[in-house]
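Trainee:
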Amino acid sequence: MASARNTVKRMHIRLSRRSDLKEYMPVLQRSAEDAYTSKRLGLDRSLFSERVYASKDMQEWMKGNLYPGQGKRTWLAFFGSRMIGAITVKRYGRRNELRGFYILPEFQGIGIGRLLVKKALEFSKGKEIILILYPHNLKSLAIYRGWGFRRFGGPGYHHWPTWPEGVRMKYIHMLLTKGGAGRLLKRL
Ligand SMILES: CC(C)(COP(=O)(O)OP(=O)(O)OC[C@H]1O[C@@H](n2cnc3c(N)ncnc32)[C@H](O)[C@@H]1OP(=O)(O)O)[C@@H](O)C(=O)NCCC(=O)NCCS
Numbered sequence: 072m073a074s075a076r077n078t079v080k081r082m083h084i085r086l087s088r089r090s091d092l093k094e095y096m097p098v099l100q101r102s103a104e105d106a107y108t109s110k111r112l113g114l115d116r117s118l119f120s121e122r123v124y125a126s127k128d129m130q131e132w133m134k135g136n137l138y139p140g141q142g143k144r145t146w147l148a149f150f151g152s153r154m155i156g157a158i159t160v161k162r163y164g165r166r167n168e169l170r171g172f173y174i175l176p177e178f179q180g181i182g183i184g185r186l187l188v189k190k191a192l193e194f195s196k197g198k199e200i201i202l203i204l205y206p207h208n209l210k211s212l213a214i215y216r217g218w219g220f221r222r223f224g225g226p227g228y229h230h231w232p233t234w235p236e237g238v239r240m241k242y243i244h245m246l247l248t249k250g251g252a253g254r255l256l257k258r259l
């Protein structure tokens, strides 16, 4: 792969279209498989497989992110013509929610997530931002903490519809205050 700086230079970001679904799926699937698999927690790779992402529920969730609609935006990052990352922001009253934030593993850590978050913050116009995170995903937890997000409320557990009975994954909510969102936007 080209150097990090060249990669970022050759990258572009645009808003999503309905026709992006086919390419969007592997970006989410491969990043999730890499970030969420955990031997210690009994979270096997197969729980995040292509088959899982091809299921009806996952397809609907992805369309909900990707298809343009009122009060939400999804930006996609491309290296040449290849989709390598995505982020969605959805308006929820006085707050906005960040979701579907994924960069392909081989493109992580070189500043692409930062560029996407900047787009999201600009759209968010200084509102509070919430998100759901699986806390065993320590790298993303560290990234969000570095950006000023803090944990709030108690944890919950997700059971994805295609998973075997009894399998669940712990999630937490994180919040970036209005002040925090303003400070982060200035910094980025
Ligand atoms: C979370 C994610 C989208 C971030 O994208 P990225 O392109 O890797 O992030 P960047 O390289 O732009 O780095 C973002 C910031 O985190 C910092 N960072 C990067 N790796 C880090 C690490 N391992 N620990 C702590 N901070 C880190 C960077 O220095 C940068 O900080 P800055 O904005 O102050 O300069 C990406 O890592 C990813 O797809 N992870 C797997 C999926 C996931 O967990 N998504 C979130 C679901 S809620």
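When you read off a place in the sequence shown, starting at 1, and then add 71, the result is the number in this note's numbering.
Yeah, the Cβ is synthetic: ideal placement off N, Cα and C, and Gly gets one too.
#1: Kindly list the residues whose CB is nearer than 6 Å to the CB of G142, restricted to its own chain and excluding five residues on each side of it in sequence; keep chain order.
#2: Using a Cβ-based criterion (distance less than 7 Å to any ligand heavy atom), does L106 qualify as near ligand 1?
#3: Check this for me: beta carbons of Y138 and M96, under 8 Å apart or not?
#4: What residues match up with F119 in a beta bridge as DSSP calls it?
#5: Residues in its own chain within less than 7 Å of Q100 by CB, not counting five upstream and five downstream?
#6: Between which residues of its own chain and L247 is the CB-CB distance below 6 Å, once the five residues before and five after are set aside?
#7: R185: beta carbon under 7 Å from a heavy atom of ligand 1?
#8: Roughly how many whole angstroms lie between the Cα atoms of E131 and L169?
#9: Is DSSP giving E199 helix, strand or coil here?
#10: When we look at the beta-carbon of A252 and count the other beta-carbons within 10 Å, is it buried (16 or more) or exposed?
#11: CA-CA distance, W234 and L114?
#12: Checking 8 Å against the spacing of the C-beta atoms, do M245 and Y228 come in under that value?
#13: Let me check understanding here. Comparing Cα to Cα, which of D128, S126, K127, A103 lies closest to R116?
Mentor: So, from the data block:
#1: On the sequence shown, residue 142 is found 71 positions in, with the first residue counted as 1. So the qualifying residues of the chain are R162.
#2: Residue 106 sits at position 35 when you count from the first residue of the sequence shown. For the sequence presented, residue 106 should be read as Ala rather than Leu. The answer is yes for A106.
#3: For the purposes of this step, residue 138 is identified with residue 67 of the sequence shown, where counting begins at 1. For the purposes of this step, residue 96 is identified with residue 25 of the sequence shown, where counting begins at 1. The answer is no: Cβ separation not under 8 Å.
#4: Numbered from its first residue, the sequence shown carries residue 119 at position 48. The partner list for F119 (beta bridge, DSSP) is empty, contrary to what the question assumes.
#5: Looking up residue 100 in the sequence shown gives position 29. Closer than 7 Å at the Cβ level, and outside the excluded window around Q100, lie F119, E121, Y124.
#6: Here residue 247 is taken as the residue at index 176 of the sequence shown, counted from 1. Hits under 6 Å: I200, G219, F220.
#7: Position 114 of the sequence shown holds residue 185. Because some heavy atom of ligand 1 lies under 7 Å away, the Cβ of R185 counts as near it: yes.
#8: Start at 1 with the first residue of the sequence shown, and residue 131 comes out as number 60. Start at 1 with the first residue of the sequence shown, and residue 169 comes out as number 98. So the two alpha carbons sit approximately 17 Å from each other.
#9: Numbered from 1 along the sequence shown, position 128 holds the residue referred to as residue 199. E199 falls in the strand class under three-state DSSP.
#10: On the sequence shown, residue 252 is found 181 positions in, with the first residue counted as 1. It is buried - the Cβ of A252 has at least 16 other Cβ atoms within 10 Å.
#11: Residue numbering aside, residue 234 sits at position 163 when the sequence shown is read from its first letter. Residue numbering aside, residue 114 sits at position 43 when the sequence shown is read from its first letter. Their backbone Cα atoms lie some 10 Å apart in a straight line.
#12: Taking the sequence shown and counting its residues from 1, one reaches residue 245 at position 174. Taking the sequence shown and counting its residues from 1, one reaches residue 228 at position 157. No, Cβ-Cβ distance for M245 and Y228 is not below 8 Å.
#13: Within the sequence shown, the letter at position 45 stands for residue 116. Ranking the options by Cα distance to R116, first place goes to A103.
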